[in-house]
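Just so you know, we're using the working numbering here: the sequence shown kicks off at 2 and counts up by one. Think of the CB as a built atom: it goes at the ideal place given N, C-alpha and C, for glycine as much as any other residue. Just below is one structure, and these are the notes that go with it.
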Amino acid sequence: MRPAPGGFTRLLSHELRLALRGTGTRTSWFARNVPTILLATVPTIGGVLLAWSLSDVGPVSEHMRVAVLGYLGAAVVGLLILMMSTASIAVLRTFHERQDLDLLLSAPLPPARVLAVKAIGVIFTVAAPFLLFTAPFLITSAILGHPRWLGGLVMIAVDATVATAISIGLIGVLYDAIGARRARTVAQLGAAVMGGAIFLLAMLQNVSPALSHNLSRLVTAPWPAPLDWPARAVLGESGPLLAMAAIALGATWIATRSGARHLAASSDTGARHVVARDRRVRFGTGLARIIVTKELRLIARDPELITQIALRLIYMIPLAALVLRDKHGLDAPGIAAAATACAGLLASSLAWIIVCAEDAPDLLAAAPVARAAIERAKLAAACLIPAGVAIVAALAIVQAAPWAALVVLVMGSVAALTAALLQAWFGRPQPRSAFRRRQSGSFVVGLGEVALAGAWAGTAALAARGSLWAIAPALLGAMIMAGAVEARSDQPAS
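Take a look at the structure:
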């Protein structure tokens, strides 16, 4: 029997199909299903090993029990924050970018039903990756004699539900307070910060061992009664499990009644939050100034690109911490190397966005200006922000190591310019939505960028120490660029 049109089941099945759309590609059966089979097989084997290892475990001491509860509680909180970063993006796409909410709300359907279905679709999107990986693990352990581990599955769903409810509420408030466009930017950046924060916490032992030790002591301390409910629910205790499920359902009900309505009522442009002002538009003079301003504004108007670039910088922090760690004080050569590598990689990302992802290449080609002048202006726009990163790093060490600060300025500029040139010469035109897959088109270019960034970073580190061995990585970088120039000369003129 098919669900009735407009019914809850029909709407929910349609929402879940939309959530799954785009997760697969037109590939062979092997490419589509083997990763899924592996994701199910490996945790299943892990569940068997876990059940076997716990079969001989005797009574657990009170100290060990408190420590386990503390780590489980911290894991639940960390998973909630991580899910909030995913839920924020999913809420924006479901309630705003899909652009079907106005049509659904204008249909003869209860608004509460529509908003509830939308919220469940977001919950499914957030929880599915975690359930796919953990369900075989926990279900296998439960079948082999540890049924309380099924509480972990329930807590994953609870975390996803609470994260979705919080995201809907916060984004709804932002829509009302600052308008739709600015709210999307804040939400995207907030999602990047939350995801990056969890990544940094996972790498805290490398970034700051002392802080990691203190945090571990805080986590393993006894948690008071309501705060230990999530950890006890993971272990399958019925009372805390029912309480957490009730909290999740209540949060979802409140979110769909308040926050989702704010999202539905918000205008796409946020015009009702903008005060009309009679101002004259000033057109800049000079080709370079106009193009640089245009490119920077386009980047600022795309919060998803800003988020992805910010995440790449956040993920470099643990690596930089390993490089910069010095028992004797400030490691100026390490800062020089990290700033140089960061400037090069950031310039590569920006150059791809500005040069390869140009929205109107035909318009620029038909403009009555020299193509070389446009390319130079675009390269300047791509190098502007990385140059700012190098300047900030140089200012941080200029008092302690003036020579290293000068090295940062020079090598950061060289790294940014050469990385941008590689993208301008060999990058393939693609839409901006393909930013995450930008290196899939040319493995050689991607490898050259990484090698070039490493060469310039090594040059900066050795030069900051005053070592003549800095010539060696500098020659490697020069050879890479010479090869790029020769390969570009072999390309047919466009």
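Q: Would you mind working out which of 400, 289, 410, 86 sits nearest residue 167, comparing C-alpha positions?
A: Mapped onto the sequence shown, residue 167 falls at position 166. For residue 167, the nearest C-alpha among the options comes from 86.
Q.
Just to confirm the assignment, what range does the alpha helix (DSSP H) spanning residue 64 have?
A. Taking the first residue of the sequence shown as position 1, residue 64 is located at position 63. Looking at the DSSP string, the run of the alpha helix (DSSP H) that includes residue 64 is 63 to 93.
Q) Helix or strand or just coil, what does DSSP make of residue 147? A) The sequence position of residue 147 within the sequence shown is 146, counting from 1. Three-state DSSP puts residue 147 in coil, outside helix and strand.
Q: Please confirm whether residue 335 and residue 453 have their CB atoms less than 9 Å apart.
A: Translated into positions along the sequence shown, residue 335 becomes position 334. Translated into positions along the sequence shown, residue 453 becomes position 452. Not in contact: residue 335 and residue 453 (Cβ atoms no closer than 9 Å).
Q: Measure the CB-CB distance between residue 456 and residue 475 and report whether it falls below 9 Å.
A: Walking along the sequence shown from the start, residue 456 turns up at place 455. Walking along the sequence shown from the start, residue 475 turns up at place 474. Cβ distance < 9 Å, so residue 456 and residue 475 count as in contact.
Q. According to the neighbour-count rule (16 or more other Cβ atoms, all chains shown, within 10 Å of its Cβ), is residue 6 buried or exposed?
A. Locating residue 6 in the sequence shown gives position 5, where the first residue counts as 1. Burial call: exposed.
(Q) Here's the rule I'm using: 16 or more other beta-carbon atoms within 10 Å means buried, otherwise exposed. How should residue 231 be labelled? (A) What you label residue 231 is simply residue 230 of the sequence shown in a count that begins at 1. Buried, since its Cβ has 16 or more Cβ neighbours within 10 Å.
Q: Could you check the C-alpha separation between residue 115 and residue 242 for me, to the nearest Å?
A: If you number the sequence shown from 1, residue 115 lands on position 114. If you number the sequence shown from 1, residue 242 lands on position 241. Going from the Cα of residue 115 to the Cα of residue 242 covers about 28 Å.
Q | Start and end residues, alpha helix (DSSP H) containing residue 257 | A | The residue given as residue 257 occupies position 256 in the sequence shown. Element bounds for residue 257: 239 to 258.
Q.
Taking 7 Å as the limit between beta carbons, can you name the residues of its chain near residue 188, skipping five residues before and five after?
A. Taking the first residue of the sequence shown as position 1, residue 188 is located at position 187. Correct list, in chain order: 89, 93, 172, 175.
Q. Residue 410 to residue 202, Cα distance in whole Å?
A. The count along the sequence shown starts at 1 and reaches residue 410 at position 409. The count along the sequence shown starts at 1 and reaches residue 202 at position 201. Straight-line Cα distance between these residues: approximately 31 Å.
**Q.** Opening and closing residue of the alpha helix (DSSP H) in which residue 231 lies
**A.** What you label residue 231 is simply residue 230 of the sequence shown in a count that begins at 1. Residue 231 -> alpha helix (DSSP H) spans 230 to 235.
Q: Please state whether DSSP places residue 341 in a helix, a strand or coil.
A: Walking along the sequence shown from the start, residue 341 turns up at place 340. In this structure, residue 341 counts as helix in the three-state DSSP scheme.
Q. What's the C-alpha gap between residue 293 and residue 308?
A. Within the sequence shown, numbered from 1, the residue matching residue 293 stands at position 292. Within the sequence shown, numbered from 1, the residue matching residue 308 stands at position 307. In a straight line, the C-alpha of residue 293 is about 21 Å away from that of residue 308.
Q: On a CA-only basis, which of 154, 212, 159, 257 is nearest residue 120? Give me that one, please.
A: By 1-based counting over the sequence shown, the position of residue 120 is 119. It is 257.
Q) Out of curiosity, what's the CA-to-CA distance linking residue 124 and residue 373? A) Translated into positions along the sequence shown, residue 124 becomes position 123. Translated into positions along the sequence shown, residue 373 becomes position 372. Whole-angstrom Cα-Cα distance: 50 Å.
Q: Please determine, among 408, 194, 465, 295, the residue with the shortest C-alpha to C-alpha distance to residue 383.
A: In the sequence shown, counting from the first residue as 1, residue 383 sits at position 382. Closest by alpha carbon: 295.
Q.
Under 8 Å, with one C-beta from each stretch per pair, do the segment 358 to 370 and the segment 397 to 412 reach the 3-pair mark?
A. no
Q. Which residues bound the alpha helix (DSSP H) around residue 469?
A. Along the sequence shown, read from residue 1 onward, the residue named residue 469 stands at position 468. Segment: none, residue 469 is in no alpha helix (DSSP H) and carries neither H nor E.
Q: Give the secondary structure of residue 205 by DSSP, where H, G and I count as helix, E and B as strand, and everything else as coil.
A: Taking the sequence shown and counting its residues from 1, the one referred to as residue 205 is at position 204. If DSSP states are grouped into helix, strand and coil, residue 205 belongs with the helices.
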